[in-house]
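S.K.: Taking my numbering as reference, the numbering of the sequence shown is continuous, increasing by one, and the terminal residue is 271.
All C-beta atoms, glycine included, are put in the ideal place defined by N, C-alpha and C.
A quick note: this is a predicted structure, and the numbers were derived from the prediction, not measured.
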Amino acid sequence: MSQLTAIQSAETLAALRALAVGERELATPCIDRFARQFLSLKSRLLLALTPQRILSKLIERAAPGSYCFAIARTRHFDDALLAALRDGVEQVVILGAGYDSRAFRFKDELRGVRVFELDHPGTQARKIELLATSNTALPSNVTLIGIDFAKQSFRQLLPQHGFRRDGKTLFLWEGVSYYLPVQAVNDVLGFVAGCGKGSSIVFDYALQSFVDGDTSTYGGDAVARWLQKIGEPFLFGLVPGNASRFLAQRGLRTTSHVGPADLERLYLTTQNNSPLGRTLGHVRIIAGQA
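(1) So Leu26 is in the alpha helix (DSSP H); what residue range does that whole segment cover?
(2) Can you give me the C-alpha to C-alpha distance between Gly143 and Phe130, rounded to a whole angstrom?
(3) In terms of residue numbering, what span does the alpha helix (DSSP H) encompassing Ile211 cover?
(4) Please check the pair Asp185 and Val264, which I expect to be a contact at CB under 8 Å, by giving their CB distance rounded to whole angstroms.
(5) Per DSSP, what kind of secondary structure is Ala51 in: helix, strand or coil?
(6) With the cut-off set at 8 Å, would you say Tyr159 and Ala205 are in Cβ contact?
(7) Measuring CB to CB, does Ile182 end up less than 8 Å from Ala268?
(8) Closer than 7 Å by C-beta to Gln252: which residues in its own chain qualify, once you throw out the five before and the five after it? Chain order, please.
(9) Just how far apart, CA to CA, sit Trp207 and Leu257?
(10) Runs of 3 residues minimum, wholly inside the segment 130 to 170: which ones carry the beta strand (DSSP E) assignment?
(11) Between Pro214, Gln209, Thr235, which lies nearest to Pro221 when the distance is taken from Cα to Cα?
(12) In this structure, how does DSSP classify Thr(-7) when only helix, strand and coil are distinguished?
(13) With a threshold of 8 Å, are at least 3 pairs of Cβ atoms found where one atom belongs to the segment 84 to 92 and the other to the segment 113 to 120?
(14) Taking Arg56 as the reference, give the member of Lys23, Cys11, Ser37 with the closest Cα.
(15) Output the distance between the C-alpha atoms of Phe50 and Glu4, rounded to the nearest integer angstrom.
(16) Could you give the first and the last residue of the continuous beta strand (DSSP E) run that contains Arg234?
(17) Express the C-alpha separation of Asp100 and Phe135 in angstroms, rounding to a whole number.
(18) What does the Cβ neighbour count give for Pro241, buried or exposed, with the cut at 16 atoms within 10 Å?
(19) Who are the Cβ neighbours of Phe191 in its own chain at under 7 Å, not counting the five residues just before and after it?
(20) Answer yes or no: do Val157 and Leu76 have a C-beta to C-beta separation smaller than 8 Å?
(21) Taking a contact to mean a Cβ-Cβ separation below 8 Å, would you say Phe19 touches Ala43 in this structure?
(22) In this structure, does DSSP put Pro256 in helix, strand or coil?
(23) Identify, in the order they occur along the chain, each residue of the same chain with its Cβ nearer than 8 Å to the Cβ of Asn167, setting aside the five sequence neighbours on each side.
(24) What whole-angstrom Cβ distance do Gln72 and Arg(-2) have, given they're in contact under 8 Å?
(25) Per DSSP, Ile(-12) is paired with what?
(26) Measure the alpha-carbon distance for Lys38 versus Pro32 and round it to whole angstroms.
(27) Going by other Cβ atoms of all chains shown within 10 Å of its Cβ, with 16 needed for buried, is Ala(-13) buried or exposed?
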């Protein structure tokens, strides 16, 4: 993915999270009050001047399932982080962090835990610039590691910045695996499997059928058109029924595996028990533990 596309994608996701703050009807709301800090002035004005319900409907019309997926995925990864912290995780590694705000939103819960955010230096520089504009300081336990994943090895860079391979670590890998060849996915999962006992990873993946061209799932056509527009095809996918075996072959035991119906039930149910909307049909989220 080009640097410009990566930054635009990071801002788009931050905008969806910022918009979700206005979803008062959700039984379990998605509250990311830092997301707005990562937006351009144009995006902030759009959010400020357009009623939340109208804007969410416009997004749903243009990209079905994307808004609800942003809410559900954010909440699911948040829950995974909090569960790992309760289980005594010592380090958190966020691969392809973009404009991830968990180091700020969960600053108190992460006290005493080392957090490593890895992303392209250009994306990180923009993130730091936006944080400075809003006078938001980077927590002292957070280390930013600039990396070009296509040319550099995260295996080598992490230890150079204080990462302990024998430490119990949670890896958050959100919205990245789709764009990688299977060899790169194998490398990440193999690294996690070799970390301290109880280390784990949470990541989302595309259906192999979508990678192969089947866009019949909810929201699939719009995503496929967007990928064609930016010239970034999905490279990696799994057949859900084979996903646990895929992880096991790489040294990880599946601890969680959720699809659209699970995400909608867990995170998109309103207080009156009605659905807020539908999420993308071609994505699953899986967690594995060493």
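M.R.: Reading it off the structure:
(1) 22 to 30
(2) 19 Å
(3) 201 to 211
(4) 5 Å
(5) helix
(6) no
(7) yes
(8) Glu6, Ala8
(9) 24 Å
(10) 150 to 154
(11) Thr235
(12) helix
(13) yes
(14) Cys11
(15) 14 Å
(16) 234 to 239
(17) 10 Å
(18) buried
(19) Thr198, Gly201, Phe215, Gly218, His263
(20) yes
(21) no
(22) strand
(23) Arg231
(24) Not really, about 24 Å apart at Cβ, beyond 8 Å.
(25) Ile(-12) pairs with nothing; no bridge assigned.
(26) 10 Å
(27) buried
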